[in-house]
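Residue numbers (the numbering used here), protein chains in the order written: chain L, 678 to 1220; chain D, 678 to 1220.
A virtual CB, placed ideally from N, CA and C, is assigned to each residue, including glycine.
Let me begin by presenting the structure, written as structure tokens, before commenting on it.
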């Protein structure tokens, strides 16, 4: 998409009800967007598709935790200490900026990852490059670079004795309740716990629309696995070809991707964890069905400096928009870091008890209690004896495999990749080629004219389709061509027109969005036909 | 339900994965709950049922706005100034209390609505009754009573120059964007905008589980209507009988309800607004299908002192739990208050342009510009002339009808009303008689034994049912009776057992939860049969 196309998408998104900046009446507020009816439906459909694929069909649990959590949770998780960005504030105009971005973006700079440097060093670089405030032009050379915690802070109840934070990731709401969920899973590893919900990052100066929000929606799955015994079911996705952009390729910097099957990626060690490889394979097929253009999609491995403190291996699914690559999903092997921390900071038991097939007998040295003091005979008289005991199992701290999806970025990508223009009847047409399964509306129903009973018949058809569980829009306003264009612009894959022939032979015209081809279909077959088209069980050509 | 039954529900809710207090590992935090897998599924199903009934079938829009909003929104809405509770803090132990509740709950007190009194008067009553701190027993006589704003406050971006608040109701995210939504509705009144999402109330000391949360889920519909031209479609619900508890009945204080049809309630003026009456009728049927016991349900009119500043008429749907009545939904006629305020505080136009059927000619006096100064001839020479102009329509400020549903309270009510005990095979049984349409799981599938191919066959049956869009649980662990009990406790309406006969004649046993009756059903008919049972299109007796 050219720059102009991005602008057009934003314009269409507002005009047609996908999304718009929040509280524009009061000058707006950066990093917050409101989904209009089309956007909310698209988002809801994508969330439903995620739930179906990553929760229901995998037999995982889905839970729903609060967005506000007490401080203790984020002390343990490390967010209170480390979830920071580098802040430099202009003394002249008061504007705040990301210090690392200023350094990276300066023309004289060859620093690629300023965030990895100490604050003082970044301050020195600002002085060295003579960087000025992007807002007012004042020099920033004398300003300190400070840590700014990205969690939104609040107080729970009156006063400030009980600080709370808006969660920076939905995941902590799962980790903190792990003992409870392990019980629901009857202590059987592996098991997965998923959550779709809001997360918050108080970005210093977000300026990238839906791609960098202060309030976002995540769909996260925490898959708890036995690090010793559980292998990923990679057979299920072994032949899926992954477009990989590994660390060596990034260092080579030629932008070339490595196309490997999931099995090859594991066997050649390009993807270290078989669990991560499994999820790359599972996700790729899902992304394609959700409407992401696979020619503008890749899996990029995190560079060593980029890895989170908890992750041993991490890949991002990325999509290309306007020539830039943007994270859609982070696939992280978090080890047992998160539950280790909660075990350390609380009194709860964050393990599962793994029962052996048969009880085993272990010998372990014990200290004779009467002899265990370090008396004068120490060294001569050890006081140790060997005791036998029977153990029925052991306590295991599971490892965590986490696919963490950003829903808003997915919505934006799917829209950007669906945005299309062509010429129909000599006129330029804009349409969204959204997959039928996620489009806000599945079928538009129109009476050819708003008279002669056509409207009543069309209304009846609409109701029948709605009762069959389809998302229907009824439109009787304006010329039929204009109604088609309206549905094209919101990505409705099929339109049904009730005309005078319908009153005679009980058939309607079904028109397909992308091809604008039309076919006659008997009304009684309509719900099943549209349903099958939506679910990709039939193709329009074969009707 | 007796007290003991409430306790049992809470115990079952935790043990079986409906809900549990958040962050128990860190001592918990009052007013926050985490939904486990069963609770999240039940909540999601109830939200889906709400969307189907109040949004999709009514042709309204659904949107999705942020939970954090800038201060300007709540300055305009009035929440910054008036969304307060009365706080008294104990100087001794630092504990905070609701001053009005202390006064109302004191044995010597006959004050019913202390919140309606000035703060100083409530402080005087605390002194007069000699009320002490419920936490430590210290006297509160000398403590001031202060307003505590119930919005969670935070800062957007670095510093404190851009305060933000967690929205106290989802509604403001709709009102503030009204001009945009009116455009999507092509400026045609009436239209409705709905939203399901989080809202927050920083309660001083919440102690009622899911009934008084600091973070809650609302399902709100803002129906924008033309106050002059739009009449509610009460014909659609005219014969629904409403269990009404009006202001006069509350004053009589005999607890008697008045049973009137929607039409009677409107004609007799018991419910003032036809729109409110319409929604009472529509909701009652919906509540019954969602699993609220209609013998423990009523509509209560707000007392004059209880009405919000914006509402001219307000009724609450209430459910009885443990002998107390709790608000489920507020039905408020908000007039044009909210959009009036946003129009006043911002520069946006919060009207719709109502086109006349035909342009009309109006005569209006205008001032001759040359003569309009107040010169010496003022009084003798008026300078007014009558001018004719043609107007194609007028700007209308719509009125707002708002059904505002509390989702968590509904979840709790449905669970409380479903909680049942009986005796089966000489043993006490606990089960949740949830409607099949909202139960977390629709069908449990069991192999009679975990061998002889029964498990493979059962797994296949489970997959077929899941592919048909049903919520399925597969369970092969423990005695069959125990598996039934597990599903009974989470409210699964139907269980399917695959046994040795299945391998012979391809039929399975279907067992109904409430009656524990069993029938044989051919496997090929199973998806349709279970689907029809769930949707109430067939009854179990007629199988």
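Taking just the CA atoms, how far does residue j sit from residue i?
i                       : j                       : result
residue 1077 of chain L : residue 1175 of chain D : 35 Å
residue 1055 of chain L : residue 1063 of chain L : Low per-residue confidence applies at residue 1055 of chain L: pLDDT is 48, beneath 50, and the placement is therefore not dependable enough to give any value.
residue 777 of chain D  : residue 742 of chain L  : 31 Å
residue 829 of chain D  : residue 902 of chain L  : 38 Å
residue 937 of chain L  : residue 909 of chain L  : 18 Å
residue 758 of chain L  : residue 842 of chain L  : 13 Å
residue 1049 of chain D : residue 1040 of chain D : Confidence in residue 1049 of chain D is poor, its pLDDT being 48 and thus under 50, which makes the residue's placement unreliable; the coordinate value appears in the next sentence. The alpha-carbon atoms of residue 1049 of chain D and residue 1040 of chain D are separated by roughly 19 Å.
residue 1090 of chain L : residue 1194 of chain D : 51 Å
residue 811 of chain L  : residue 764 of chain L  : 14 Å
residue 1025 of chain L : residue 1011 of chain L : 20 Å
residue 804 of chain L  : residue 820 of chain L  : 9 Å
residue 774 of chain D  : residue 882 of chain D  : 6 Å
residue 1184 of chain L : residue 1159 of chain L : 22 Å
residue 1030 of chain D : residue 687 of chain L  : 26 Å
residue 947 of chain L  : residue 941 of chain L  : 8 Å
residue 1095 of chain L : residue 722 of chain L  : 15 Å
residue 1203 of chain L : residue 1220 of chain L : 11 Å
residue 826 of chain D  : residue 710 of chain L  : 26 Å
residue 1217 of chain L : residue 729 of chain D  : 28 Å
residue 1165 of chain D : residue 1112 of chain D : 13 Å
residue 815 of chain D  : residue 769 of chain D  : 6 Å
residue 1008 of chain D : residue 994 of chain D  : 8 Å
Just to check my reading of the structure: residue i and residue j have Cβ atoms closer than 8 Å, yes? What is that Cβ distance to the nearest angstrom?
i                       : j                      : result
residue 1088 of chain D : residue 716 of chain D : 7 Å
residue 1280 of chain D : residue 800 of chain D : This structure leaves residue 1280 of chain D out entirely; chain D is present only between 678 and 1220.
residue 822 of chain D  : residue 864 of chain D : Not really, about 48 Å apart at Cβ, beyond 8 Å.
residue 922 of chain L  : residue 978 of chain L : 7 Å
residue 708 of chain D  : residue 980 of chain D : Not confirmed; about 26 Å, so no contact.
residue 1115 of chain L : residue 726 of chain L : 6 Å
residue 917 of chain L  : residue 961 of chain L : 6 Å
residue 766 of chain L  : residue 840 of chain L : With 8 Å as the limit, residue 766 of chain L and residue 840 of chain L do not qualify as a contact, their Cβ atoms being about 23 Å apart.
Could you list which residues in chain D have their beta carbon closer than 7 Å to that of residue i, in chain order?
i                      : result
residue 819 of chain L : Within chain D, no residue comes near residue 819 of chain L; the closest Cβ sits about 18 Å away, beyond 7 Å.
residue 747 of chain L : 700, 703 and 706
residue 764 of chain L : 835
residue 738 of chain L : 714
residue 717 of chain L : 739, 740 and 741
residue 750 of chain L : 700 and 703
For residue i, go through chain L and note every residue whose CB falls closer than 8 Å to its CB, in chain order.
i                       : result
residue 830 of chain D  : 831 and 832
residue 1019 of chain D : 702
I want to verify the contact list: residues of chain D whose CB lies under 8 Å from the CB of residue i, in sequence order.
i                      : result
residue 720 of chain L : 741
residue 850 of chain L : 699 and 711
I want to verify the contact list: residues of chain L whose CB lies under 7 Å from the CB of residue i, in sequence order.
i                      : result
residue 861 of chain D : 694, 713 and 714
Chain D partners of residue i, CB-CB under 9 Å?
i                       : result
residue 773 of chain L  : 834, 835 and 836
residue 1093 of chain L : Those do not exist, as residue 1093 of chain L stays about 19 Å from chain D at its closest Cβ, beyond 9 Å.
residue 881 of chain L  : 834 and 835
In terms of alpha-carbon separation, which member of the options lies closest to residue i?
i                       : options                          : result
residue 893 of chain L  : L:939, L:775, L:732 and L:720    : L:720
residue 1221 of chain L : L:1061, L:970 and L:1110         : Outside the shown range of chain L, which is 678 to 1220, sits residue 1221 of chain L, and nothing can be said about it.
residue 738 of chain L  : L:897, L:779 and L:1128          : L:897
residue 1189 of chain L : L:1168, L:1183 and L:1204        : L:1168
residue 694 of chain D  : D:875, D:960 and D:1118          : D:1118
residue 1019 of chain D : D:1205, D:831, D:851 and D:762   : D:851
residue 939 of chain L  : L:920, L:929 and L:752           : L:920
residue 754 of chain L  : L:1125, L:1139, L:848 and L:1191 : L:848
residue 1198 of chain D : D:1177, D:1173, D:1213 and D:880 : D:1173
At a CB-CB cut-off below 9 Å, which residues of chain L make contact with residue i?
i                      : result
residue 857 of chain D : 691, 694, 697, 701, 711 and 713
residue 744 of chain D : 744, 843, 875, 877 and 892
> What are the complete alpha helix (DSSP H) segments, minimum 4 residues, inside the region 748–798 of chain L?
Replying inline: Counting only runs of 4+ residues, the alpha helix (DSSP H) found wholly inside the region 748–798 of chain L occupies 748–754, 756–759 and 776–782, in chain order.
>> Report the start-end ranges of each beta strand (DSSP E) in the region 877–958 of chain D that is 3 residues or longer and not cut off at the edges.
In response: Scanning the region 877–958 of chain D for uninterrupted beta strand (DSSP E) segments of 3 residues or longer gives 892–902, 918–922 and 935–938, listed from N- to C-terminal end.
>> Ignoring anything shorter than 3 residues, give me the beta strand (DSSP E) runs that lie fully in the region 1001–1040 of chain L, in order along the chain.
In response: Qualifying beta strand (DSSP E) stretches, in chain order: 1001–1012.
> What runs of the alpha helix (DSSP H), each 4 residues or longer, lie entirely inside the region 685–712 of chain L?
Replying inline: Within the region 685–712 of chain L, no complete alpha helix (DSSP H) run reaches 4 residues.
>> At 4 residues or longer, what runs of the alpha helix (DSSP H) sit wholly inside the region 1043–1131 of chain D?
In response: Runs found: 1084–1095.
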